[in-house]
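First residue of the sequence shown? That's 157 in the working numbering, and the numbers climb one at a time after it.
C-beta: ideal position from N, C-alpha, C; glycine also.
Worksheet for the structure shown next.
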Amino acid sequence: MSNKGHKKNSEYKKGPHIVLIGFMGSGKTSIGRCLSYKLKRAFYDTDKMIEEREGKTISDIFAENGEKYFRELETQTLREIREDKIGRIYSLGGGTPVSLQNQPLIKTIGTVVYLRIKPEEVWERLKGDTTRPLLQCDDPLAKIQSLMQLRSPAYERCADIIIDTGSKDRDNVIEEILRKLEALGWEIPPESFLNASKSDNTENIE
Ligand code: S3P
Numbered sequence: 157m158s159n160k161g162h163k164k165n166s167e168y169k170k171g172p173h174i175v176l177i178g179f180m181g182s183g184k185t186s187i188g189r190c191l192s193y194k195l196k197r198a199f200y201d202t203d204k205m206i207e208e209r210e211g212k213t214i215s216d217i218f219a220e221n222g223e224k225y226f227r228e229l230e231t232q233t234l235r236e237i238r239e240d241k242i243g244r245i246y247s248l249g250g251g252t253p254v255s256l257q258n259q260p261l262i263k264t265i266g267t268v269v270y271l272r273i274k275p276e277e278v279w280e281r282l283k284g285d286t287t288r289p290l291l292q293c294d295d296p297l298a299k300i301q302s303l304m305q306l307r308s309p310a311y312e313r314c315a316d317i318i319i320d321t322g323s324k325d326r327d328n329v330i331e332e333i334l335r336k337l338e339a340l341g342w343e344i345p346p347e348s349f350l351n352a353s354k355s356d357n358t359e360n361i362e
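Printed below as a string of structure tokens:
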């Protein structure tokens with residue numbers, strides 16, 4: 157992990173939340189729901205928070221107000237989360253960590269878990285998806301590859317924990333996250349490790 161030219165994560169006073177970051181399709185929402193069940197903490201998806209507040213879908217926000225406006229809403233949402241003192245699990249949109257303004261905010265909100273995935277795996281999961289405005293283009297795979305190349309350093313800079321998710325099933329991803337949280341000093345109830353991915357819903361990763 158390269159921190160060159162940036163403050164090390166250890167220099168940031170961490171808030172009480174678990175923050176999931178990663179590219180579109182990396183499984184932030186389904187892993188977040190599972191962790192919520194395991195750790196008995198509420199789960200929030202910032203895209204959903206933005207949609208509820210604006211009263212329209214992300215696609216409509218992009219189409220009607222533009223991407224810049226959406227990015228401002230992301231920053232505003234991070235600022236609000238920073239004021240939330242009850243430990244929760246937050247999943248961020250795939251583009252949120254890119255902004256230099258957002259990175260210190262993300263690091264101070266809590267322990268950041270980066271779900272890393274390869275472009276081809278994203279493509280496999282999101283082929284046919286119509287809800288991600290950035291992928292509604294002639295060559296979505298090429299777009300995924302170029303965005304991933306641009307964004308990976310930002311994800312790595314924000315991360316306290318990195319998990320390679322693509323080829324693993326949800327059980328393994330959850331177990332690895334719990335072990336790494338424990339290694340960072342989090343108290344994880346021993347029963348959380350049983351049936352690692354059990355949750356109160358049966359959705360697959362993305
Ligand atoms: C985006 C990712 C999406 C959503 C928006 C933009 C991005 O969230 O915020 O479509 O820039 O990568 P998910 O990562 O939850 O799909």
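Any non-hydrogen atom of the ligand S3P within 6 Å of residue i CB
i, result
"residue 176", "no"
"residue 288", "yes"
"residue 205", "no"
"residue 322", "no"
"residue 284", "no"
"residue 341", "no"
"residue 265", "no"
"residue 222", "no"
"residue 180", "yes"
"residue 214", "yes"
"residue 183", "no"
"residue 249", "yes"
Whole-number beta carbon distance between residue j and residue i, since they are thought to touch under 8 Å
i, j, result
"residue 191", "residue 245", "5 Å"
"residue 268", "residue 307", "Not quite, the Cβ-Cβ distance comes to about 14 Å (not below 8 Å), so this is no contact."
"residue 230", "residue 252", "5 Å"
"residue 273", "residue 321", "5 Å"
"residue 180", "residue 288", "5 Å"
"residue 170", "residue 266", "6 Å"
Bridge partner(s) assigned by DSSP for residue i
i, result
"residue 272", "320"
"residue 200", "246"
"residue 177", "270"
Residue i burial status per 10 Å Cβ neighbour count (16 or more: buried)
i, result
"residue 222", "exposed"
"residue 258", "buried"
"residue 200", "buried"
"residue 284", "exposed"
"residue 293", "exposed"
"residue 270", "buried"
"residue 202", "buried"
"residue 188", "buried"
"residue 360", "Bear in mind that the predicted position of residue 360 carries a pLDDT of just 39, short of 50, making it unreliable; the figure below should be weighed with that in mind. Result: exposed."
"residue 159", "Below a pLDDT of 50, predicted positions are generally treated as unreliable, and residue 159, at 41, falls in that range; the measurement from the model is reported next regardless. So residue 159 counts as exposed."
"residue 219", "exposed"
"residue 345", "exposed"
Pick out the complete alpha helix (DSSP H) segments inside the stretch 258-318, 4 residues or longer, and give them in chain order. Qualifying alpha helix (DSSP H) stretches, in chain order: 258-265, 275-282, 296-314.
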